[in-house]
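Quick notes on the structure that follows.
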Amino acid sequence: MSQPLSPPAAFDLAIIGAGASGTLLAAALLRTARTPLQVLLLEQSGRFGRGPAYSTTELQHLLNVPAGKMSALADDPEHFLRWLRTQAPDTRPTDFVPRARYALYLDAVLAEARAKAAPGVQLTQRHAQVRGLQPGAGGVTVQLEEGGSVRAARAVLALGNFPPAALAVPDGGLYASERYVALPWESGGLEAVAPEESVLLLGSGLTAVDVALSLQARGHTGPVHALSRHGLLPQVHRAGVAPHTFAPGALRARALLREVRAEVRRVEAAGGDWRAVVDALRPHTVPLWQRLATADKRRFLRHLRAYWEVHRHRMAPEVGRAIAELLAGGQLRIHAAHVQAFALEADGVRVTLRRRGGPGVQHLHVQRVLNCTGPASPLAQPKGTLVGDLLAGGLARADALRLGLDTREGALVDAQGKPSSVLFALGGVRRPELWESTAIPEIRTQAQALAQHLLAS
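According to the working numbering, the sequence shown is numbered sequentially starting from 363.
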């Protein structure tokens, strides 16, 4: 007996996730398509063009990249700057502007692409959560949490960053209590934190910096502890760093590190700044990552990752000054340690920790614990979630380093090692393939390349 035919796809492409990645892909498709195209953009939060990074309304939360480098369009590097100047004519390329303004810019980018799209090129936005993807004859069935499904010829995961996971340590009931805040950046996340309370931030990266600034803006007077294994804060951008050209040729992790350090010494000896060398690496990072052997990638992740992250992903100067003041005043304290256990007590939380390089264990007493550890791995998503079910069903697999999902030129690779012809990914999910895959300059390039590939095939 012949199998029943699948119904024709209602959409040529379904984009799952409408944060920065999904929005930039949708805009690239609308700008590039010259023949009729039906695009569906699905967002579970209902906040299109936001995602966690750009949902903030707090003006002290600044972009970590200067305005002159934040265009959404790879072929028009001054696009964002021109848009800013329609509202603030004195905006300079070196200014670090509030992230809330970038959210409005993403809205404008999509609206402009929609208005200028060729005849028959249409975008449908839908507030819905996707619970499953089922490839079949003629495309993909997109299963919705609310019930029902839609059909698309192909689908793209533009899921952004996953919420941080709780530390895998004995928590003594902390995680189920009001003293633990899993998502402190969300609206209302800090409402329960009293100004005089002592607070522990799990993590000392850019998320922890944001939360520390939010607490300060709310008039927080109690001590704030930020804890991470290395105890490193992000470095600070510096104005006036001269552009530099540097293309390392080493093929092994140790040799590459020596080459970069030697270049930094040479530049600094000539009166330059190490930031110029790190910035010069940016266009070479993806090919450098891809040519490293798996063993060298593991070595980098184990020994160098934390140091690379704080030098590569830096704070805006204004943010750096605010954090420096909190440190100098003693309100903010950084700990290089790892947590071994939590215990709820009558008046707070006892944190058992082991300091980096220190003997024995120590205890810290706080009233609140806020999770600022950064994005969870896609591989940590449980069965019953979209990514968890893709992995369990063999439609996706982990990469060799278990950083995330295995992709090949954006296509999901299945359990048998075969790249999909209908399931693709964009943004942070592609980190194993590209390493640099979470910032706008990289995402805009990915979005344009993927749009061209999808339209040509």
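Ideal placement from N, C-alpha and C gives every residue a C-beta, glycine not left out. Since this is a predicted model, take the numbers as computed values, not measurements.
Check: For Arg-454 and Pro-414, what's the separation of their Cα atoms in angstroms?; Outcome: 26 Å
Check: Grab the span of the beta strand (DSSP E) containing Ala-801 for me, first residue to last.; Outcome: Run containing Ala-801: none; DSSP gives neither H nor E here.
Check: In the DSSP assignment, the alpha helix (DSSP H) including Arg-660 goes from what residue to what residue?; Outcome: 656-665
Check: State yes or no: is the C-beta of Ala-395 within less than 9 Å of the C-beta of Leu-752?; Outcome: no
Check: Could you compute how far the alpha carbon of Gln-724 sits from the alpha carbon of Leu-421?; Outcome: 37 Å
Check: Of the residues Ala-604, Arg-664, Leu-666, Trp-651, which one's Cα is nearest the Cα of Trp-636?; Outcome: Ala-604
Check: Quick check: Gly-565 and Gly-736, are their CB atoms within less than 9 Å of each other?; Outcome: yes
Check: Fully enclosed by the region 588-641, which beta strand (DSSP E) runs are 3 residues long or longer?; Outcome: none
Check: Taking buried to mean at least 16 other C-beta atoms within 10 Å of its own C-beta, is Lys-478 buried or exposed?; Outcome: exposed
Check: What does DSSP give as the partner residue(s) for Asn-426 in the beta ladder?; Outcome: Partner(s): none; Asn-426 has no beta bridge.
Check: Could you spell out the range, first to last residue, of the beta strand (DSSP E) harbouring Leu-741?; Outcome: Where Leu-741 is concerned, there is no enclosing beta strand (DSSP E), given that its DSSP letter is neither H nor E.
Check: List in chain order: all unbroken alpha helix (DSSP H) runs of 4+ residues lying wholly within the region 651-729.; Outcome: 656-665, 667-674, 679-690
Check: Thinking C-alpha only, which one of Ala-517, Gly-691, Arg-730 is nearest Ala-372?; Outcome: Ala-517
Check: Determine whether the beta carbon atoms of Arg-488 and Glu-507 lie at a separation below 9 Å.; Outcome: no
Check: Run through DSSP, which three-state label would His-582 get?; Outcome: coil
Check: I need the straight-line Cα distance from His-646 to Leu-619, nearest angstrom please.; Outcome: 14 Å
Check: Measuring alpha carbon to alpha carbon, tell me which residue in Cys-734, Val-701, Ala-760, Gly-722 is nearest Gly-534.; Outcome: Val-701
Check: Quick one: is Ala-642 near chain C, going by C-beta distance under 9 Å?; Outcome: Protein chain content of the structure displayed is limited to a single chain, and chain C is not contained in it.
Check: How would you label Arg-461, buried or exposed, when you count the other beta carbons within 10 angstroms and need 16 or more for buried?; Outcome: buried
Check: Can you pull the DSSP bridge partners for Val-531?; Outcome: Paired residue(s): none; Val-531 is not in a bridge.
Check: Among residues of its own chain, excluding the 5 on either side of Ile-805, which ones have a beta-carbon nearer than 8 Å to its beta-carbon?; Outcome: Ala-382, Ser-383, Leu-386, Leu-788, Gly-789, Ser-799
Check: Is Pro-532 near Phe-704, with beta carbons less than 9 Å apart?; Outcome: yes
Check: So for Ala-372, helix, strand or coil by DSSP?; Outcome: coil
Check: Going by DSSP, what residues sit across from Ala-787 in a beta bridge?; Outcome: Leu-519
Check: Taking the beta strand (DSSP E) that Glu-405 falls in, what are its first and last residues?; Outcome: 399-405
Check: Just list the residues that DSSP pairs Gln-496 with in beta bridges.; Outcome: Thr-503
Check: What's the call for Gln-778, buried or exposed, on a 16-neighbour Cβ count within 10 Å?; Outcome: exposed
Check: Is the distance from the Cβ of Leu-425 to the Cβ of Leu-774 below 9 Å?; Outcome: no
Check: So what does DSSP say about Phe-524, is it helix, strand or coil?; Outcome: strand
Check: Hey, how far is the Cα of Ala-811 from the Cα of Arg-683?; Outcome: 38 Å
Check: Is the beta carbon of Ala-579 less than 9 Å from the beta carbon of Ala-742?; Outcome: no
Check: Determine the DSSP secondary structure at Arg-764, reduced to helix, strand or coil.; Outcome: coil
Check: Suppose the cutoff is 7 Å on Cβ atoms and the five residues either side in sequence are ignored; what does the same chain contact list for Pro-366 look like?; Outcome: Note that Pro-366 has pLDDT 43, beneath the 50 cutoff, so the model's placement of it is unreliable and no number is given.
Check: Using the Cβ count rule (16 or more neighbours within 10 Å means buried), how would you classify Ser-549?; Outcome: exposed
Check: Compare the beta carbon distance of Leu-402 and Val-483 with 9 Å and say whether it is the shorter of the two.; Outcome: no
Check: Tell me whether the region 661-681 and the region 593-603 touch, counting them as touching only if at least three CB pairs, one residue from each stretch, are closer than 8 Å.; Outcome: yes
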